[in-house]
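A short worksheet on the structure shown next.
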Amino acid sequence: MVGSIGEGLLVLLGVTHTDTPATAETMARKIHELRLLPGERSAADLGAGILVVSQFTLYGDARKGRRPTWSAAAPAEVAEPLFTAVVDALRDRGAKVETGRFRTHMMVESVNAGPNTLILDL
Numbered sequence: 019m020v021g022s023i024g025e026g027l028l029v030l031l032g033v034t035h036t037d038t039p040a041t042a043e044t045m046a047r048k049i050h051e052l053r054l055l056p057g058e059r060s061a062a063d064l065g066a067g068i069l070v071v072s073q074f075t076l077y078g079d080a081r082k083g084r085r086p087t088w089s090a091a092a093p094a095e096v097a098e099p100l101f102t103a104v105v106d107a108l109r110d111r112g113a114k115v116e117t118g119r120f121r122t123h124m125m126v127e128s129v130n131a132g133p134n135t136l137i138l139d140l
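Everything in the sequence shown is counted per the working numbering, starting at 19 for the first residue and increasing by one.
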């Protein structure tokens, strides 16, 4: 096991070509302060853990044919430093952060305790 949290947020983080270090800081602030945990509280309010997993497939496009393209996903050389910047910015905010391994096949388990699945597009 690489990373594990109890109750908190599972963040599947995709990076695209237009993301910047400023985008990473904004993502970290939103992730940490977004009020979607019980009682309309945030991970910051509750001290809840945050598990951040790189997920380029979020940028998959299957509109044509039967084989998706991931051309909107940033290449690993661009995405990994931005992934790290989001994690570092969360930690700088005092968040309890665990991560998966970048560019590695992982098995991720999650228990979704409520209708709190959200896609943020910054």
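By construction, the Cβ of each residue, glycine as well, lies at the ideal position given by its N, Cα and C atoms.
Please state whether the Cβ-Cβ distance between residue i and residue j is less than 8 Å.
{"i": "A66", "j": "G26", "result": "yes"}
{"i": "A91", "j": "V29", "result": "no"}
{"i": "V104", "j": "L31", "result": "yes"}
{"i": "V126", "j": "G118", "result": "yes"}
{"i": "F101", "j": "S72", "result": "yes"}
{"i": "L54", "j": "L64", "result": "no"}
Who are the near neighbours of residue i in its chain, counting only those whose CB is closer than 8 Å to its CB and skipping five residues on each side?
{"i": "W88", "result": "F74, T75, Y77, G78 and D79"}
{"i": "L108", "result": "A46, I49, H50, I68, V70 and V115"}
{"i": "R111", "result": "A46, R47, H50 and A62"}
For residue i, collect the residues of the same chain with a Cβ closer than 6 Å to its Cβ; drop the 5 residues on either side in sequence, then sort them by chain order.
{"i": "I23", "result": "G67, L69 and E116"}
{"i": "R43", "result": "Position check: residue 43 holds Glu in this sequence, whereas Arg was assumed. A107, listed in sequence order."}
In terms of residues, what are the limits of the alpha helix (DSSP H) holding residue i?
{"i": "E95", "result": "A94 to D110"}
Given residue i, which residues of its chain have a CB within under 7 Å of its CB, disregarding the five upstream and five downstream residues?
{"i": "F120", "result": "S72, E98 and F101"}
{"i": "G57", "result": "none"}
{"i": "P86", "result": "G78, D79 and A80"}
Could you please give the first and the last residue of the uninterrupted beta strand (DSSP E) stretch that includes residue i?
{"i": "E116", "result": "K114 to T117"}
TODO: For the region 35-48 and the region 89-100, state whether three or more C-beta atom pairs, one from each stretch, are separated by less than 8 Å.
DONE: yes
Task: Length-filtered (4 minimum) alpha helix (DSSP H) runs lying within the region 19-57 - done: 39-51
- [ ] Report the residue ranges of all alpha helix (DSSP H) runs contained in full by the region 56-82; include only those spanning at least 4 residues, in chain order.
- [x] 61-64
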